[in-house]
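Participant: Following the working numbering, the numbering of the sequence shown begins with 4 at its first residue and continues without gaps. Beta carbons: idealized from backbone N, C-alpha and C, even for Gly. Keep in mind it's a predicted model, so treat the numbers as computed, not measured.
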Amino acid sequence: MNLVYRGGDPSTTSLTPVVGITEYHQVNAVPLGAAQDYTTLYTVLAVSDALTGAAWPDGVIPRAQRLGAFGTQQISLLTADTPGAGAFPGAVRLDTTVETAAVAVITVPGRSDGRPTWILGDDRASVLGTTTYLE
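In structure tokens, the structure reads:
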């Protein structure tokens, strides 16, 4: 919906928003892939009994963090996003070394023209005001 709303061309957009998934072992920092399209969502899964938090790099907006058990393992799910395209934001720093971590890079297509965007249905991240362009 956002792609069509912002005047994008859906015929040139992949139907699979997951750009890549990378796995790491015995790390306390997880490199994030390059931001792409309108918004890039980073989802990090980590296996560790001691993980209690993470620090995202500048320009990446933390969204949700869930800690829980899956069988006998303690699994953490961390999510964040960043607008724009082309930049490598860095790495998310974990507060402990984890056995295994994986990061999925998910794209949300749209325009990266620097204008504020009203995303339909997103009350928290969208503000319809005098600086928002409706096209």
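(1) How about residue 66 and residue 83: are their beta carbons less than 7 Å apart?
(2) Tell me where the beta strand (DSSP E) around residue 39 begins and ends.
(3) Considering only C-alpha positions, which residue in the set 94, 48, 59 is nearest to residue 77?
(4) For residue 107, which residues in the same chain have their Cβ closer than 7 Å to its Cβ, ignoring the five residues on either side in sequence?
(5) Between residue 42 and residue 72, what straight-line distance do the alpha-carbon atoms span, to the nearest angstrom?
Facilitator: Checking against the coordinates, here is how it stands:
(1) yes
(2) Unbroken run through residue 39: none, as it is neither H nor E.
(3) 48
(4) 21, 24, 46
(5) Each residue's Cα considered, the two are about 30 Å apart.
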